[in-house]
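Residue numbers (my numbering), protein chains in the order written: chain X, 22 to 199; chain H, 243 to 597. Single-structure report; data block below.
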């Protein structure tokens, strides 16, 4: 082995290309499929646990608290309550939304757990926990099996929900119960 | 040394082996099996056992963290003690056995699930090979098994007729197994008339790709008695692994299986029944020989995994099959085997005895 080869052999190999391509016929799951079908028709749905009566969105097919199947479909309200939120000041790679914008935990009326969506058409500094909001849907012809059928949520002129009642409102909502 | 705590298997259930479970996600695959074993014992959910361990591989269905999502099937509120192995659930059972033997738990739930149909399983499994040499070559598991079968044929250790004989018996035995995917009466001549697939393997020499799940509950003997359950003693369990470098191994033998069987105490008594995880026909012959099974042992009365292979759950199911036959009084003592990795790289042997 020449002097050159020895020098080369001592060089660490710091990388190699080994691309991995795996093809899958992915399915969303039976319960998520029912949720996505309803979403395409402009409806938000949850599923109720036959044991503890909690309503879950998005449904995955079980009550994670009880470990039993949730077969009962529940249509939820377009109205929701802010459970928590953050104001995003930095651009997120790949995200077309210009900061600052608001990401919030929202509980739709009729459900018992929150999901995450955007809050807009609002004064960022005035957003607060317990605030009432409603879904702003895309035009119906653009609906697909996607959560962004709802563009964002915007504030409603309704009294705030006390923290202890967030996640406990009936599907009929809050107005008049304050 | 203090006396080891005796382990009792008290419940087992497996789903049918299906070519495709359709849209069902991991939670929807697991939940019915958990419900079945909970109902066998009279438990509400995973809150009623001390420890939970599962075996699965997210690469199979191409869903990142499916094993975490699967926890939604358990009833994990309030939080439970849970663990997972990226292996067949037989190794989840091994972890649970250690937990109980160490006195950290008196009971455990074990489950494994497989949704292999969304991907190309032999290709997916090529990515478990070493990342520098073999994985970039995309050598699939069937090709590796074919290399192994060729070695055996060439050395005169088996004939293609021997391989067909294994398949014929699997298909026939599977006729009495309602969970099997492939079953039926056939002949060695008919099988040998079929074309080669990856030579010397024919399609029937390879296990099918199946979707499904299996679950088991184990406990201390005291706990099993407290539950009032008929139980089977898990008198020994051991596992051994061989080099990931296939070229360093004698592929015509399974030294790891033989060592695991010796350590699990298999030779301390007669073996009435054996369920072997042999994904390819010639591997059943390797395993039977490594274990020294004779005429007195019924091998794979369920049809084995040639009749249906729940990747990551079939090993646990082999143990469950032996458990069920002992509980039914068909056998007094049996051995169950599980494997992981290419060409029987890693092997687990469990010995089960009537209480």
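The beta carbon of each residue, even a glycine, is placed where N, CA and C say it ideally should be.
Anticipated Cβ contact below 8 angstroms, residue i with residue j, distance rounded
i	j	result
residue 104 of chain X	residue 150 of chain X	7 angstroms
residue 123 of chain X	residue 108 of chain X	6 angstroms
residue 584 of chain H	residue 393 of chain H	Contact flag wrong, Cβ pair sits at about 14 angstroms.
residue 323 of chain H	residue 292 of chain H	7 angstroms
residue 508 of chain H	residue 591 of chain H	6 angstroms
residue 473 of chain H	residue 338 of chain H	About 15 angstroms separates the two Cβ atoms, so there is no contact after all.
residue 110 of chain X	residue 140 of chain X	15 angstroms between Cβ atoms; not a contact.
residue 528 of chain H	residue 335 of chain H	In fact, because the Cβ distance is near 23 angstroms, the residues do not count as touching under 8 angstroms.
residue 87 of chain X	residue 317 of chain H	5 angstroms
residue 331 of chain H	residue 516 of chain H	About 19 angstroms; that fails the 8 angstroms criterion.
residue 135 of chain X	residue 145 of chain X	No, residue 135 of chain X and residue 145 of chain X are not in contact; Cβ-Cβ is about 19 angstroms, not under 8 angstroms.
residue 577 of chain H	residue 533 of chain H	7 angstroms
residue 608 of chain H	residue 550 of chain H	Since the displayed chain H opens at 243 and closes at 597, residue 608 of chain H lies outside it and no answer follows.
Residue i at chain H interface by Cβ criterion, 9 angstroms
i	result
residue 53 of chain X	yes
residue 254 of chain X	The shown model of chain X, from 22 to 199, leaves out residue 254 of chain X, and the question about it has no answer.
residue 199 of chain X	Note that residue 199 of chain X scores 49 on pLDDT, short of 50, meaning its location in the model is unreliable and no value can be drawn from it.
residue 81 of chain X	yes
residue 9 of chain X	The structure shown does not extend to residue 9 of chain X, since chain X is modelled only from 22 to 199, so the question has no answer here.
residue 47 of chain X	yes
residue 115 of chain X	no
residue 156 of chain X	no
residue 132 of chain X	no
residue 90 of chain X	yes
residue 37 of chain X	yes
Those residues which DSSP pairs with residue i across a bridge
i	result
residue 480 of chain H	H:591
residue 458 of chain H	H:254, H:352
residue 522 of chain H	H:448
residue 326 of chain H	H:296
residue 67 of chain X	X:95
residue 596 of chain H	H:474
residue 301 of chain H	Residue 301 of chain H pairs with nothing; no bridge assigned.
residue 249 of chain H	H:462, H:476
residue 84 of chain X	X:89
residue 260 of chain H	H:453
Residue i at chain X interface by Cβ criterion, 9 angstroms
i	result
residue 334 of chain H	no
residue 311 of chain H	yes
residue 314 of chain H	yes
residue 277 of chain H	yes
residue 471 of chain H	no
residue 243 of chain H	Residue placement at residue 243 of chain H cannot be trusted, given a pLDDT of 40 that sits under 50; the coordinates are not used to answer.
residue 509 of chain H	no
residue 487 of chain H	no
residue 283 of chain H	no
residue 556 of chain H	no
residue 427 of chain H	no
residue 298 of chain H	no
residue 287 of chain H	yes
residue 265 of chain H	yes
residue 269 of chain H	yes
residue 362 of chain H	yes
residue 373 of chain H	yes
residue 301 of chain H	yes
residue 365 of chain H	yes
residue 369 of chain H	yes
heavy atom of the ligand ADP below 8 angstroms from residue i C-beta
i	result
residue 593 of chain H	Of ligands this structure carries none, so the ligand ADP is not represented either.
*How about the segment 523-533 of chain H and the segment 404-416 of chain H: do they share at least three Cβ pairs that are nearer than 8 angstroms?*
A contact exists between the segment 523-533 of chain H and the segment 404-416 of chain H.
_Using a Cβ distance threshold of 8 angstroms, determine whether the segment 257-274 of chain H contacts the segment 152-170 of chain X, with at least three qualifying pairs required._
No, they do not touch.
*Flag this pair as touching only if the segment 534-542 of chain H and the segment 474-493 of chain H have three or more C-beta atom pairs under 8 angstroms; answer yes or no.*
They do not touch, by the three-pair rule.
_Taking 8 angstroms as the cut-off, does the segment 254-263 of chain H touch the segment 276-288 of chain H (at least 3 CB pairs, one atom from each stretch)?_
Cβ pair count under 8 angstroms is three or more, so yes.
*How about the segment 364-380 of chain H and the segment 495-512 of chain H: do they share at least three Cβ pairs that are nearer than 8 angstroms?*
The segment 495-512 of chain H and the segment 364-380 of chain H do not touch, with fewer than three beta-carbon pairs separated by less than 8 angstroms.
*How do the segment 63-76 of chain X and the segment 295-310 of chain H stand: do at least 3 beta-carbon pairs fall below 8 angstroms, yes or no?*
The segment 63-76 of chain X makes no contact with the segment 295-310 of chain H: fewer than 3 CB pairs, one atom from each, lie closer than 8 angstroms.
*Could I get the ranges of all uninterrupted beta strand (DSSP E) runs contained in the segment 535-580 of chain H, with 3 residues as the minimum, in chain order?*
For secondary structure counted as the beta strand (DSSP E) over 3 or more consecutive residues, the segment 535-580 of chain H holds no complete run.
*What residue ranges within the segment 335-404 of chain H form continuous beta strand (DSSP E) runs of no fewer than 3 residues, ordered along the chain?*
Counting whole runs of 3 or more residues, the segment 335-404 of chain H contains the beta strand (DSSP E) stretches 349-357.
_Sufficient close CB pairs (3 or more, under 8 angstroms) joining the segment 33-46 of chain X to the segment 87-100 of chain X_ = Result no; under three Cβ-Cβ pairs closer than 8 angstroms.
*asked:* Using 8 angstroms as the cut-off, can you tell me whether the segment 461-475 of chain H makes contact with the segment 491-500 of chain H, which would need three or more C-beta pairs spanning the two stretches below that distance?
replied: Flag = no, the segment 461-475 of chain H and the segment 491-500 of chain H do not touch.
*In chain order, which beta strand (DSSP E) runs of at least 3 residues are fully inside the segment 162-196 of chain X?*
List check, beta strand (DSSP E) in window: 171-176.
*Would you call the segment 79-91 of chain X and the segment 53-65 of chain X touching, i.e. three or more CB-CB distances under 8 angstroms?*
Using a Cβ-Cβ distance cut-off of 8 angstroms, the segment 79-91 of chain X and the segment 53-65 of chain X are in contact, since at least three pairs of beta carbons, one from each stretch, lie closer than that value.
*Tell me the start and end of each unbroken alpha helix (DSSP H) in the segment 27-64 of chain X that is at least 4 residues and wholly inside, in chain order.*
Every alpha helix (DSSP H) of 4 residues or more that sits fully in the segment 27-64 of chain X is shown, in chain order, as 51-61.
*Can at least three beta-carbon pairs, one atom from the segment 351-360 of chain H and one from the segment 453-465 of chain H, be found at a separation below 8 angstroms?*
Using a C-beta cut-off of 8 angstroms, the segment 351-360 of chain H makes contact with the segment 453-465 of chain H, since at least three inter-stretch Cβ pairs fall below that distance.
*Return the chain-ordered ranges of every beta strand (DSSP E) run that is complete within the segment 86-139 of chain X and spans a minimum of 3 residues.*
Counting only unbroken stretches of 3 or more residues, the beta strand (DSSP E) elements lying wholly within the segment 86-139 of chain X are 93-96, 100-109, 122-129, in sequence order.
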